[in-house]
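Below you'll find the structure, written out as structure tokens, and then a few comments.
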Ligand SMILES: CC(C)(COP(=O)(O)OP(=O)(O)OC[C@H]1O[C@@H](n2cnc3c(N)ncnc32)[C@H](O)[C@@H]1OP(=O)(O)O)[C@@H](O)C(=O)NCCC(=O)NCCS
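Residue numbers (the working numbering): 25 to 214.
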């Protein structure tokens, strides 16, 4: 298999234009992206960090970032969104597959000065394309009840709320075609 940087399958990089006209390069993270990830998380507001991790934190420890990058591509994905023509990360999306349910937990975060410009939607679309291509059945996401932007984005993308407590909400999106394909009965069976 072709690989980029020895760890990520090639051919997964795409260029997309957001609804607000931003040119984005969406690509899987590489093992040499650690400095870019540090800079990206370092630039986030306290609120965005809280919404992404559902807990207050000022930074993401380097060990955790290393874990983000040591992905097993058959189960996990980390996509970076960069402004076309610049190596500047403005958003990222991750998923991690639960091998028992074949659902993957998804999480997105966009740099504060690029939020509400269509970046999150493009990252989610790209993660969905990749996940479907790998036979994932759907996504789950844990979102704070107060996080109206994320709730609104996920609802628009087809997620439904499956459970909630005082603080957060568990959302789920099932990729219908994949379920249909898996449950299709073989033709002409005796
Ligand atoms: C949630 C988040 C990822 C959305 O990304 P984004 O780039 O800001 O969103 P987009 O511009 O692509 O907008 C997509 C949809 O999100 C919702 N949305 C975005 N900005 C919004 C705003 N200011 N007010 C209300 N809804 C908003 C809308 O439904 C929007 O669809 P529309 O453009 O048709 O109205 C981003 O705001 C973020 O990083 N937040 C902090 C981290 C976080 O909450 N992560 C979610 C944990 S899974």
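Using N, Cα and C, we set each Cβ at its ideal position, and we do this for glycine too.
Note that the structure is a prediction, hence the values are computed from the model and not measured.
Task: Cross-strand partners of residue 106 (DSSP beta bridge) - done: Locating residue 106 in the chain shown gives position 82, where the first residue counts as 1. 49 and 113, per the DSSP bridge assignment.
Task: Candidates 174, 175 and 91, of which the one nearest residue 101 by Cα - done: The count along the chain shown starts at 1 and reaches residue 101 at position 77. Measuring from the Cα of residue 101, the nearest candidate turns out to be 91.
Task: Closest residue to residue 110 among 41, 174, 47 and 175 (Cα-Cα distance) - done: One-based indexing of the chain shown puts residue 110 at position 86. Per the Cα distances, 47.
Task: Alpha-carbon to alpha-carbon, residue 184 and residue 157 - done: Indexing the chain shown from 1 puts residue 157 at position 133. Indexing the chain shown from 1 puts residue 184 at position 160. Rounded to whole angstroms, residue 157 to residue 184 spans 22 Å at the Cα level.
Task: Under 9 Å between C-beta atoms of residue 148 and residue 130 - done: Residue mapping note: residue 148 aligns to position 124 of the chain shown, counting from 1. Residue mapping note: residue 130 aligns to position 106 of the chain shown, counting from 1. The answer is yes: Cβ separation under 9 Å.
Open item on the list: Taking 8 Å as the cut-off, is the beta-carbon of residue 138 closer than that to any non-hydrogen atom of ligand 1?
Closed with: Against the chain shown, residue 138 aligns to sequence position 114. Yes, the Cβ of residue 138 comes within 8 Å of a heavy atom of ligand 1.
- [ ] Could you tell me whether the Cβ atoms of residue 114 and residue 128 are closer together than 9 Å?
- [x] Taking the chain shown and counting its residues from 1, one reaches residue 114 at position 90. Taking the chain shown and counting its residues from 1, one reaches residue 128 at position 104. Going by C-beta atoms, residue 114 is not nearer than 9 Å to residue 128.
TODO: Pull up the CB-CB distance for residue 142 and residue 55, whole angstroms please, since I reckon it's below 8 Å.
DONE: As a working mapping, residue 142 is identified with position 118 in the chain shown. As a working mapping, residue 55 is identified with position 31 in the chain shown. 29 Å between Cβ atoms; not a contact.
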